[in-house]
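Structure first, commentary second.
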Amino acid sequence: MPRLDLYANFKLFVKLRLTAKEVVIGRGTDCDIQLPNEQVSRHHAKIVDDGPGGWVIHNLSPNGTRVNAAMLSGPAPLKPGDRVYIENAILIFQPDDAESEEIEKRRTVLRVPAVRTPEK
Numbered sequence: 000m001p002r003l004d005l006y007a008n009f010k011l012f013v014k015l016r017l018t019a020k021e022v023v024i025g026r027g028t029d030c031d032i033q034l035p036n037e038q039v040s041r042h043h044a045k046i047v048d049d050g051p052g053g054w055v056i057h058n059l060s061p062n063g064t065r066v067n068a069a070m071l072s073g074p075a076p077l078k079p080g081d082r083v084y085i086e087n088a089i090l091i092f093q094p095d096d097a098e099s100e101e102i103e104k105r106r107t108v109l110r111v112p113a114v115r116t117p118e119k
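Those letters in the sequence shown? Residues 0 to 119, by numbering that gives the first Met the number 0.
What follows is the structure in C-alpha cells.
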C-alpha cells in the first residue's frame, strides 16, 4: 500500500496511507487531505488508484499542480519518490516501507540557462 509523506515548511508533518480509491487534495472541508492555504484551490488535485499498483494524479486547479519539475498538463502516473508541489506543501509518493526523506537538509538547485545579450 503506497503512502504520501506530507511536508509543511520542509519538515515531515504526517504520513498518509492511500487506502481509498480516490484522494482529493485541496483547502475545501470535503477534501481527504485539507491544506488550509488561501492560494490552494478548494479541490486542487486528486490521486486515483488506476489498478494493480498504479496511481495517477489529476490537476483540478486553474493554478496548476506541479509534479517534480513539471506542471501537469493532463493525468500523470505517480512513481515512487515523485514530489507533488501544492503551494507550501510537498507530498512525496512512497511505497509504504520506504524511509521518509529529511528534505529540510536538502537544497533545491534550479539551473537556468545563461541568456546571451546581443552585441552592439
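No residue lacks a Cβ here, since even glycine has one placed at the ideal position from N, Cα and C.
Three-way DSSP call (helix, strand, coil) for residue i in this model
i             : result
arginine 16   : strand
methionine 70 : strand
histidine 43  : coil
proline 76    : strand
asparagine 36 : coil
arginine 105  : At arginine 105 the pLDDT is 49, less than 50, meaning the model places this residue with poor confidence and gives no usable figure here.
arginine 26   : coil
Beta-carbon proximity of residue i to residue j, cut-off 7 angstroms
i            : j         : result
aspartate 48 : lysine 20 : yes
leucine 90   : leucine 5 : yes
Close beta carbons around residue i, own chain, < 8 angstroms, minus the five adjacent residues each side
i          : result
leucine 17 : Met0, Pro1, Arg2, Leu3, Ile46, Asp48, Trp54
Cutoff 7 angstroms: residue i Cβ touching any chain C Cβ
i           : result
arginine 26 : The structure shown has no chain C; it contains just one protein chain.
Residues of its chain near residue i, where Cβ-Cβ distance is below 7 angstroms and the 5 sequence neighbours each way are ignored
i             : result
asparagine 36 : Arg26, Glu86, Asn87
Start-to-end residues for the beta strand (DSSP E) that takes in residue i
i           : result
leucine 123 : With the chain covering 0 to 119 only, the question about residue 123 has no answer from this structure.
leucine 59  : Unbroken run through leucine 59: none, as it is neither H nor E.
aspartate 4 : 2–7
Neighbourhood of residue i by C-beta distance below 6 angstroms, restricted to the same chain and skipping five residues each side
i         : result
valine 13 : Leu5
Requested in this report: Check whether the segment 82–89 touches the segment 50–70, taking contact to mean three or more Cβ pairs, one atom from each stretch, closer than 8 angstroms.
Outcome: yes
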